[in-house]
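Asker:
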Amino acid sequence: MLIYHAFLMLGGYLHSLKYREFKRTLKVSKKAYPKVSILIPAHNEEIVIEDTIQSMLKINYPKEKLEVIIINDNSTDQTGAIIDRYEKEFSYIRAVHTIPPYAGKGKSGALNQGFKYSTGDIIVVYDADNTPEPDAILNLALGLLKDEKAGAIVGKFRVINANKNLLTRLINIETLTFQWLAQAGRWFWFKMTTIPGTNFAIRRSILEELGGWDENALSEDTELSIRVYNLGYYIRFFPEAVTWEQEPEKIRVWWRQRTRWARGNLYVILKYLFQIHKLKNKKVVIDIFYFLFTYFLFFSGAMISHIIFVVNLIYDLKLSIGIVSYALLITGFLLFVTEVCLALSMEKKQYTTKNFLIVLLMYFTYSQLWILLVVQAVLLETKRILLKQEVKWYKTQRFKQPEEKGNSA
Amino acid sequence: MKKKLKRNEIWVYIILICFFTILQNPSVLAAKEIEEPKVLVIYTTKDGELNHEQRYLDLLISHFTSDIQFMNSDNVKKSDLTTTTHLVYFGQTAKLLPAELTKMMEEYEGTILAIGYNSEQLGSRFAFVKPLNEVTINQLQKKTTDKTLDIPEINAVEIEISDGTEVLINGSMRGEERSYPIMVGKRESYYYGFDNIDSSRATLFAESLHDVFNIEHDEIYPGYIRLEDVHPLTDPKPLKEIALMLKEKNIPYMVAVIPIYINPITGKRTTFADSPELLKVLKQIQKDGGSIILHGYTHQYRASETGEGFEFWDVENNSPIYFPEHEKFKLKELEDFSTRDEYIAYINELKVYEREYTETKINKGIDELAKYGLYPLAFEAPHYTMSQYGYEILSGYFSTYVGQVQISDKDWEIMSDAPYITSPSFLHGMNLLPETMGYIDPDDENAIQNLMGKRERIRVARDGILSAFYHPYLGSEKFKELLNELDQLTNVSWIDLKKTNVWVNGKNVSIHTENGEIITDVNRYKIIYSSWDALIYYIGQIVSLVAWILVGIGSIAVCMFIMFTFHFIKKNKQIEG
């Protein structure tokens, strides 16, 4: 794992030096611009939706080739009203209100509804808390246009409230590292990226072939990624398309959001692990195994070593731990720190002394929380499978999370 | 005509060249000399049985030959003498010998050496030996040399010398001029005036045997240093320091290893898997000048501490190991049986267990070392104790035995060293590297002086072995002192077992040496995969290796990332600036 991460980070670094070359190839006459439909699912998003729509208005893309479809998914607040107001004012903004029985089926359901109304050749998805930079759509759309083998293209997201508190700082650091290490790294080495749920573009033809999003999947994005690869396309990571999104400011919200992701990934592992032989694109196998390692093997290893550590504090187990295990621990820590620092230094004004100190702290706090998180996710997933709550559970889960802003990244 | 002569000349030259080549070729000459003496030892003892005295004689004579036979003086037939080149008569007790024996002796054409009693019954060949008065002596000298040997005071019979008698050994009182012949010879008949082969007197006798057998060994003293009782709980630090000292001085040595340590109180077994540091040191020793010697399997039988207990002798019953350690058992004596045959049948039955026990321990010992890549080249029994049958069993597994030997099955305390390297018949072909100088006793302040003090006695025999052992737990400082002393010995050739032809033949492991290399044939499946401790040890080794590789790659990555980070920081500053 350590080495795989270091390897990915190296890829991320190389990609950061290289991706601008791809940008230079994107010079297309305006006539050749593809028609783009932006889908924004919104469920009780009255606090953020207006900012999102405002940012859509500033998008640097020919308006006659653009449609913004905002899906009001069963909202009980003012979301619907806000959307309707904008729809009347701007011709390229469309409001779609989901109606039971299709309403409240979660993000996948909403996206599928919105997709039905869309007309663009390229579908771009944003979460309701996103404010993309004006050039983001252009980069995504032209990127797909120029790269025929890409089934989808993924941009970079940044944290808008990074400096709000310690939690958002930590999330900011994490998201930067995740994108440069996992996304850019995997893209560079394996031509493989996972759709992050926001700020990505996908070909209409592919979505039609796949029959839209899997409404049972909690992390519909990962699931969709695997299916795209299975069709023989790859997903390009293009850091030039930037969106800014809001991250949870409270630990409770963060916890729920992350538990959902972890459970979603577990779902994907279980769904595909036993069908590995059926997967056409063998590269996906790496990803599934990566998830498997992170969620089961690495996790159990970490748990065991923690337990041994704690037990050893209380009762001397007389373990003859060689120097090598200490060396490994230290190397692991140093790798973590240097990887994160490298990712931070790739962005302007992120590599600060304060952030550096937070990185040192992060290893012992934020990263350890993740272990607890996986425990809960595994427990919940086991419960789901044992009780066979396959269909009902998603909806109830949504109702229980009123603070949830549906910002899955 | 001229041409013909030339041709003849050529033939003469060729023949001459061939002749000189044969003369000068040492191997051809050596072959003549190497022709082994065939020795028959005829003994007279009180009970007619062979005892430790004869075995001690075996130790001395087997230095010259591996062809030696022992016979009771009552049982010798004429045909027994036909192929022998040397006859040795050992009269341990005064007894009337069969008349045929006297006749046989008289007619015998080869060399005869008579020891002790009954020389007057050996015929005219020994007429030159005329006993005179009993005298007291405490020193022996070899006549033709200045070699003397101090001995405990003893009464000996002075021998009158007649014309043509050669004196080999004289006895005297220290400081007195008068000396008395003790060992004499006339033509091919020799007589040694003691009725036993006491080890305090043996070195000079051993030296004189070179004359009896007419074998001129070079005056070079083989020697060895043995590090003793190394087991899994031995502190590797002093051992490592000692090994380095020996390496520095380029002295080969031996390490007696006990592969399993058993705690006498808790019964906990410790193996080399639990002592990776020590194992590393031992492997390095094996790679450098050291040779591993198997020193038992656990060095104990019944609950005793490893390194303290006996393993191949039942000390409680003072008998060979005839039954499992936890069983109550009383060994029956000959008197308990109505016939001798019944007794022999009884002992043979017990020997079945002894064989099984001994073979199991030997095989386990070899396997346990081989598991971890240590290959023993010789064997040393714990406390040197082993029965005669034990040696016979052992001889199927080892070609070399190191240390002292127990020469009686009646009492373990009857044991002996030999003055030189030998291969006594009771070791069934095993080469014995005896231990002559002893060890460093931590309670003895003058231990080193005492040990070194023995060197002159040993050197009385022209190829006497100078061998000492040392317990590494005493620390490297003390060893340094000892080594400095040993290093000053002249004319010593330190034995490197790897460079001698040795073999070990275990059930699962075969070892032999070839040109200083250890060649092994190991049934890995049987010895490694059949036990958890070794398997776990090896997995641990692999894991640790992989972990180090990971650390290595990780460190490189860390360095790279730091460089990249600074690269970006610089770049960002330039853009901002």
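Which chain is which? The protein sequence lines are B and R, in order.
If you count by numbering that gives the first Met the number 0, then the first sequence holds residues 0 to 408, one letter each, in order.
If you count by numbering that gives the first Met the number 0, then the second sequence holds residues 0 to 576, one letter each, in order.
Virtual Cβ for every residue (Gly too), placed ideally from N, Cα, C.
Keep in mind it's a predicted model, so treat the numbers as computed, not measured.
(1) Should Ser54(B) be flagged as near chain R, meaning a C-beta pair shorter than 8 Å?
(2) State whether the region 191-207 of chain R contacts the region 47-58 of chain R, with contact taken as three or more CB pairs (one from each stretch) at a distance under 8 Å.
(3) Nearest to Tyr388(R) by CA position, among Asn504(R), Gly402(R) and His427(R), is which residue?
(4) Would Tyr12(B) count as contacting chain R if we go by Cβ distances under 8 Å?
(5) Along the beta strand (DSSP E) that carries Asp228(R), what are the first and last residues, could you check?
(6) Within the continuous beta strand (DSSP E) that includes Lys133(R), where are the two ends?
(7) Near Asn43(B), which residues of its chain fall below 7 Å by C-beta distance, leaving aside the five closest residues on each side in sequence?
(8) Locate the alpha helix (DSSP H) running through Phe468(R), then write down its first and last residues.
(9) I'd like to confirm the pairing. Which residues does DSSP put opposite Glu66(B) in its beta bridges?
(10) According to DSSP, what are the bridge partners of Met182(R)?
(11) Anything in chain B within Cβ reach of Trp547(R), meaning under 7 Å, just list it in chain order.
(12) For the region 154-224 of chain B, which segments carrying the beta strand (DSSP E) assignment without a break, of at least 3 residues, lie completely within its bounds, in sequence order?
(13) Please identify the residue among Asn229(B), Asn171(B), Ile152(B) and Lys353(B) whose C-alpha is closest to the C-alpha of Trp186(B).
(14) Going by C-alpha to C-alpha distance, which of Arg523(R), Glu247(R), Leu485(R) and Pro130(R) sits closest to Ile447(R)?
(15) Got a sec, what are the start and stop residues for the alpha helix (DSSP H) Ser207(R) sits in?
(16) When you compare the region 127-139 of chain B with the region 49-62 of chain B, are there three or more beta-carbon pairs, one atom per stretch, that lie closer than 8 Å?
(17) Alpha carbon to alpha carbon, how far is Leu465(R) from Tyr438(R)? Give it in angstroms, no decimals.
(18) Less than 8 Å between CB atoms is the rule here; does Ile261(R) satisfy it with respect to chain B?
(19) What are the complete beta strand (DSSP E) segments, minimum 3 residues, inside the region 261-309 of chain R?
(20) Which residues, in order along the region 338-353 of chain B, keep a beta-carbon less than 7 Å from a beta-carbon of chain R?
(21) Specify the secondary structure class of Ala417(R) as computed by DSSP and reduced to three states.
(22) What residue from Tyr179(R), Ile320(R) and Ala467(R) has the CA that sits closest to Lys360(R)'s CA?
(23) Look up Met8(B) in the DSSP assignment and say whether it is helix, strand or coil.
(24) Determine which residues share a DSSP beta bridge with Leu42(R) and list them.
(25) In chain order, what residues of the same chain lie with their CB nearer than 7 Å to the CB of Thr44(R), ignoring the 5 residues before and after it?
(26) For a quick check, are the C-beta atoms of Gly119(B) and Phe237(B) less than 8 Å apart?
(27) Determine, using beta-carbon pairs with one atom in the region 249-267 of chain R and one in the region 226-241 of chain R, whether at least three such pairs fall under 8 Å.
(28) Give me the Cα-Cα distance between Lys479(R) and Val156(R), rounded to the nearest whole angstrom.
(29) Just reading off the beta strand (DSSP E) that Ile121(B) is part of, what are its end residues?
(30) At which residues does the beta strand (DSSP E) containing Ile92(B) begin and terminate?
(31) Could you work out which residues of chain R lie near Ala326(B), taking near to mean beta carbons separated by less than 8 Å?
(32) With 8 Å set as the bound, which would you pick, yes or no: does the beta-carbon of Met385(R) sit closer than that to a beta-carbon of chain B?
(33) Which of the residues in the region 432-443 of chain R, read from start to end, lie with their CB under 8 Å from any CB of chain B?
(34) Taking only heavy atoms of the ligand ATP into account, decide whether any of them is closer than 7 Å to the Cβ of Gly231(B).
(35) Measure from the alpha carbon of Tyr396(R) to the alpha carbon of each residue in Ser475(R), Ile67(R), Phe212(R) and Lys506(R), then state which is nearest.
(36) Identify which residue in Lys282(R), Phe271(R), Ile413(R) and Tyr383(R) has its Cα closest to the Cα of Glu367(R).
Answerer: Quick look at the numbers:
(1) Interface annotation, Ser54(B): not in contact with chain R, CB-CB separation never under 8 Å.
(2) Judged by Cβ distances under 8 Å, the region 191-207 of chain R makes contact with the region 47-58 of chain R, as three or more pairs qualify.
(3) Taking the Cα of Tyr388(R) as reference, the smallest distance to any Cα among Asn504(R), Gly402(R) and His427(R) is reached at His427(R).
(4) Yes - at least one Cβ of chain R is within 8 Å of the one on Tyr12(B).
(5) Residues Tyr220 to Val229.
(6) What sits at residue 133(R) in the sequence shown is Glu, not Lys. Membership of Glu133(R) in the beta strand (DSSP E) is indicated by the continuous run Lys129 to Lys141.
(7) Cβ contact annotation for Asn43(B) (same chain, cutoff 7 Å, sequence separation greater than five): Ser74, Thr75, Asp76 and Thr78, in chain order.
(8) No alpha helix (DSSP H) contains Phe468(R), which is instead part of the beta strand (DSSP E) from Leu465 to Tyr469.
(9) Ser36(B).
(10) Note: Met182(R) sits in a beta bridge opposite Ile168(R) and Tyr191(R).
(11) By Cβ distance, chain B contributes Val323.
(12) Within the region 154-224 of chain B, the runs of beta strand (DSSP E) at least 3 residues long that lie entirely inside it are, in chain order, 199-202.
(13) Trp186(B) has its Cα closest to that of Ile152(B), out of Asn229(B), Asn171(B), Ile152(B) and Lys353(B).
(14) Per the Cα distances, Leu485(R).
(15) For Ser207(R), the enclosing alpha helix (DSSP H) stretches over residues Ser198 to Val211.
(16) Yes: the two stretches touch, three or more of their Cβ pairs being nearer than 8 Å.
(17) Rounded to the nearest angstrom, the two C-alpha atoms are 12 Å apart.
(18) Put simply, the CB of Ile261(R) is far from chain B, with every gap to its CB atoms at 8 Å or more.
(19) Counting only runs of 3 or more, we get 289-293.
(20) Listed in chain order, the positions of the region 338-353 of chain B with a beta carbon within less than 7 Å of a beta carbon of chain R are Glu338, Cys340, Leu341, Ser344, Met345, Lys347 and Tyr350.
(21) Reduced to three states, the DSSP call for Ala417(R) is coil.
(22) It is Ile320(R).
(23) Met8(B) falls in the helix class under three-state DSSP.
(24) According to the sequence as given, residue 42(R) is Tyr; it is not Leu. According to DSSP, Tyr42(R) shares a beta bridge with Asn71(R) and Phe89(R).
(25) Contacts found: Asn50, Gln91 and Thr92.
(26) The beta carbons of Gly119(B) and Phe237(B) sit no closer together than 8 Å.
(27) The region 249-267 of chain R, when compared against the region 226-241 of chain R, does touch it at the 8 Å Cβ threshold.
(28) Straight-line Cα distance between these residues: approximately 46 Å.
(29) Unbroken beta strand (DSSP E) run through Ile121(B): Ile121 to Val124.
(30) Counting along the chain, the beta strand (DSSP E) containing Ile92(B) begins and ends at Ile92 to His96.
(31) Going along chain R in sequence order, the residues near Ala326(B) (Cβ under 8 Å) are Ala546, Trp547 and Val550.
(32) False, the Cβ-Cβ gap to chain B never drops below 8 Å.
(33) So the list is empty, because no residue satisfies the distance condition.
(34) Judged by which ligands are present, the structure shown has none, so any question about the ligand ATP falls away.
(35) Per the Cα distances, Lys506(R).
(36) That would be Phe271(R), whose Cα lies nearest to the Cα of Glu367(R).
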